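Protein chains in written order, with my numbering: chain A, 31 to 370; chain B, 31 to 370.
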DNA sequence: TTGAAAGCGCTACCAA
DNA sequence: TTGGTAGCGCTTTCAA
């Protein structure tokens with residue numbers, strides 16, 4: 031029925047010009063006399079008129095839409111990230127066009143689509159882009175911000191947890207706990223998160239003269255962490271301290287350890303990374319390093335707004351440090367950390 | 031730089047008319063000679079031209095955008111739902127405009143925004159709308175489909191798990207297991223999922239002469255489930271069989287039971303609902319009823335497409351039955367179910 | 001097979 | 001404070 035009530039219809043009914051109707055519905059509603067405005071609003075209500083945003087985009091050449099590309103929606107950390115982004119952006123009257131991509135592949139397929147939709151900016155989480163794509167985005171003057179990934183040397187801004195420092199923090203804590211044999215369960219090999227966490231952890235251990243850390247791949251999944259821990263514990267020289275590159279793997283690792291009759295943390299300390307809600311669950315009580323999601327998101331949005339405002343802002347890398355959350359899955363050290 | 035390459039620019043470069051360029055980039059690219067097409071494609075490539083989708087929406091009055099409103103992105107069940115929707119829709123070249131709403135409040139605030147964006151259809155998950163909003167959507171001829179909620183008597187189509195049957199299934203299983211004292215940990219009170227599950231469970235128990243089921247609210251959260259189970263177990267007449275309206279609460283309940291020194295399932299059987307990935311985790315091995323997410327999503331998309339094609343299709347309610355997943359959190363019955 | 005021209009529903013500039 | 005009008009970049013008739 032009222033499918034297509036346009037500003038002209040409202041204008042006709044209110045006995046004013048279409049321009050006036052447009053003015054009334056403009057954000058910064060300029061110079062319309064109160065009476066006229068009332069008449070227009072009234073007519074609009076009667077007709078069930080709502081401005082067509084697409085047409086507005088067309089003439090303002092601004093969509094107020096932010097594209098978000100997310101490769102890992104399923105994976106306890108990201109839904110929270112997504113929700114938070116949505117809330118923040120909705121509050122500022124920006125809409126979100128959401129895309130998935132295969133995890134940690136480059137997102138080259140969806141990017142052109144996002145660009146064609148004239149998004150005001152693009153946030154890419156847990157995925158990387160090829161350098162041609164970086165080029166294309168730059169060319170189209172669409173600000174791109176990587177969330178929790180970065181590309182060395184590329185001309186893209188990024189916001190990341192300080193994964194290197196996190197890895198070091200964990201090494202320190204385990205060292206102070208008096209552990210002697212160390213393991214690392216790795217996340218997806220080609221991700222900057224994994225390589226930084228590993229580098230921080232192993233580098234710090236090496237500083238203390240520990241060179242042979244046992245490394246097993248865990249793929250950032252529960253099943254992967256479970257399998258990796260099983261392998262480690264069936265060695266003749268099993269570790270007594272293991273850092274898992276994320277919490278989900280750590281949880282899988284704890285379950286595996288229990289199944290093999292080990293007590294955590296008495297026989298074996300396990301530390302994760304992320305501080306997802308499940309880390310608090312009674313069955314795990316996981317010691318971990320938090321990703322300060324809220325701070326990361328704030329930083330991302332600030333960066334985005336700045337880039338939208340001034341498109342030739344220089345590229346930045348913002349590192350957000352995490353905090354050690356001491357719970358019960360690693361042998362305690364008496365002086366550090368705080369629980370939650 | 032090439033910010034605004036339009037079809038006119040391409041036309042000029044290729045020495046053809048703008049209409050021709052448009053034809054070349056139309057899906058059903060009609061009647062363009064191969065040579066002309068080549069020239070146009072070539073020119074477009076040289077200029078880095080990509081059709082402006084917003085303008086296309088403007089003239090075709092079709093956005094190919096589906097709005098999804100999701101109230102519970104954080105909550106282990108929904109991220110999977112979202113990802114699956116995205117994949118399916120992306121495959122069919124539809125984009126997704128995503129909105130959050132406060133959980134299980136009505137979504138009246140975001141709906142107008144979605145409608146103004148001229149979405150081709152609207153999928154609302156885990157949230158309800160007011161009857162005025164139903165009215166407004168109908169009026170604007172925008173198909174709306176509720177996912178995992180429904181509104182009695184309202185004129186909106188919906189796809190739901192068969193929650194009633196699920197509740198009955200669980201009652202039957204617990205009865206056959208020889209349990210004698212029953213409890214129910216409820217989800218959010220005003221949701222159709224909760225009331226149906228409860229109705230199925232309690233109704234079936236009543237059929238077998240069991241009238242006093244202990245009911246505690248759990249709010250669909252881990253913490254809520256944990257607290258509710260603590261209350262139940264501290265009664266003088268604690269239950270030995272508890273159905274938790276979702277898996278997360280069941281997991282919280284198991285942790286609470288362990289903390290109070292109970293063994294699951296020897297002292298107490300606990301059953302959940304959803305079959306989220308964590309239900310498989312070694313620490314829980316949760317017996318539960320699955321929501322057949324893939325089937326539900328397929329049904330939703332089919333319904334949506336049908337509504338888009340024929341807007342005065344009658345409203346439908348599709349119920350998708352779930353399956354009992356027998357694991358180790360409830361005393362087994364020897365004859366039923368299958369594991370995963 | 002191609003081109004010219006009229007919209008799609010708005011915003012924004014210029015005049016009145 | 002208001003109205004007229006020229007776009008925004010495309011699709012889609014209608015003619016050639």
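Every residue, glycine too, gets a C-beta built ideally from N, C-alpha and C. Predicted model only: the values in this text are computed from it and were never measured.
Given residue i, which residues of its chain have a CB within under 7 Å of its CB, disregarding the five upstream and five downstream residues?
i                     : result
residue 330 (chain A) : 153, 175, 177 and 189
residue 199 (chain A) : 319 and 354
residue 285 (chain A) : 256
residue 194 (chain A) : 226, 229 and 230
residue 192 (chain B) : 349, 350, 351 and 352
residue 343 (chain A) : 336 and 337
residue 125 (chain A) : 94 and 95
residue 73 (chain A)  : 40, 43 and 44
residue 184 (chain A) : 161 and 164
residue 52 (chain A)  : 37
residue 77 (chain A)  : 32, 35, 39, 40 and 43
residue 196 (chain A) : 227, 230, 303, 319 and 352
Using a C-beta to C-beta distance shorter than 7 Å, which residues of chain B count as neighbours of residue i?
i                     : result
residue 80 (chain A)  : 142, 145 and 146
residue 38 (chain A)  : Correct list: empty, because the minimum Cβ distance to chain B is about 16 Å.
residue 110 (chain A) : 104
What in chain B is Cβ-close to residue i, meaning under 8 Å?
i                     : result
residue 344 (chain A) : Those within 8 Å of residue 344 (chain A) in chain B number zero; the least Cβ separation is about 18 Å.
residue 113 (chain A) : 103, 104 and 130
residue 306 (chain A) : None at all; the shortest Cβ gap to chain B is about 10 Å.
At 9 Å on the CB atoms, spell out the chain B contacts of residue i, in chain order.
i                     : result
residue 214 (chain A) : Those within 9 Å of residue 214 (chain A) in chain B number zero; the least Cβ separation is about 21 Å.
residue 330 (chain A) : Residues of chain B passing the Cβ test: none, with the nearest at roughly 17 Å.
residue 180 (chain A) : By Cβ distance, chain B contributes nothing, its closest Cβ being about 24 Å from residue 180 (chain A), past 9 Å.
Which residues in the same chain have their Cβ closer than 8 Å to the Cβ of residue i, if we skip the five residues on either side of it in sequence?
i                     : result
residue 141 (chain A) : 99, 152, 159, 163, 166 and 167
residue 204 (chain B) : 212, 271, 273, 299, 301 and 360
residue 137 (chain A) : 99, 101, 129, 131, 154, 157, 158, 159 and 163
Skipping 5 residues on each side, what residues in its chain have a beta carbon closer than 6 Å to that of residue i?
i                     : result
residue 234 (chain A) : 198 and 201
residue 222 (chain B) : 179 and 180
residue 304 (chain A) : 107, 276, 277 and 321
residue 81 (chain A)  : 55
Please list, in chain order, the chain A residues whose beta carbon lies closer than 7 Å to that of residue i.
i                     : result
residue 15 (chain B)  : Outside the displayed span of chain B (31 to 370) sits residue 15 (chain B), for which this structure offers no information.
residue 285 (chain B) : 311, 312 and 313
residue 245 (chain B) : Under the 7 Å cutoff, chain A gives no residues; its nearest Cβ is about 23 Å from residue 245 (chain B).
residue 12 (chain B)  : This structure cannot settle anything about residue 12 (chain B), because the visible part of chain B is limited to 31 through 370.
residue 300 (chain B) : Under the 7 Å cutoff, chain A gives no residues; its nearest Cβ is about 13 Å from residue 300 (chain B).
Our contact map puts residue i next to residue j with C-beta atoms below 8 Å; I'd like the distance itself, whole angstroms only.
i                     : j                     : result
residue 315 (chain A) : residue 359 (chain A) : 6 Å
residue 356 (chain B) : residue 206 (chain B) : With 8 Å as the limit, residue 356 (chain B) and residue 206 (chain B) do not qualify as a contact, their Cβ atoms being about 12 Å apart.
residue 114 (chain A) : residue 327 (chain A) : 5 Å
residue 104 (chain A) : residue 109 (chain B) : 5 Å
residue 313 (chain B) : residue 313 (chain A) : 4 Å
residue 334 (chain B) : residue 173 (chain B) : 6 Å
residue 187 (chain A) : residue 345 (chain A) : 5 Å
Does any heavy atom of the ligand GDP sit closer than 8 Å to the C-beta of residue i?
i                    : result
residue 61 (chain B) : For the structure depicted, the ligand GDP is absent and the ligand set is empty, with no information on it obtainable.
Using a cut-off of 8 Å between C-beta atoms, extract the partners of residue i located in chain A.
i                     : result
residue 288 (chain B) : 312 and 313
residue 237 (chain B) : The premise fails here: residue 237 (chain B) is roughly 35 Å from chain A at the closest Cβ pair, so nothing lies under 8 Å.
residue 199 (chain B) : Chain A residues near residue 199 (chain B): none, gap ~26 Å exceeds 8 Å.
Using the beta-carbon of each residue, which ones in chain A are nearer than 9 Å to residue i?
i                     : result
residue 129 (chain B) : 116, 120, 125 and 126
residue 93 (chain B)  : 84
residue 250 (chain B) : The contacting residues do not exist; residue 250 (chain B) stays about 13 Å from chain A at best.
Quick test of the definition: if touching needs 3 or more C-beta pairs under 8 Å, does the stretch 210-223 of chain B touch the stretch 250-260 of chain B? yes
Only counting runs of 4 or more residues, tell me where the alpha helix (DSSP H) segments fall wholly within the stretch 91-128 of chain B, in order along the chain. 108-121
Contiguous alpha helix (DSSP H) assignments of at least 4 residues, all confined to the stretch 177-252 of chain B: 193-206 and 222-237
Beta strand (DSSP E) runs contained entirely in the stretch 303-360 of chain B, provided each spans 3 or more residues: The stretch 303-360 of chain B contains these whole beta strand (DSSP E) runs: 317-320 and 347-350.
For the pair the stretch 147-166 of chain A and the stretch 85-102 of chain A, tell me if three or more CB-CB distances fall below 8 Å. yes
Could you tell me whether the stretch 293-302 of chain A touches the stretch 268-275 of chain A, using the rule of 3 or more Cβ pairs below 8 Å? yes
I'd like to know if the stretch 275-282 of chain B and the stretch 237-255 of chain B are in contact, where contact means that at least 3 CB-CB pairs between them fall below 8 Å. yes
Evaluate contact between the stretch 61-70 of chain B and the stretch 40-52 of chain B, counting only Cβ atoms and requiring at least three cross-stretch pairs below 8 Å. yes
Taking only runs that begin and end inside the stretch 138-163 of chain A, name each unbroken beta strand (DSSP E) of 3 or more residues, in chain order. 151-155
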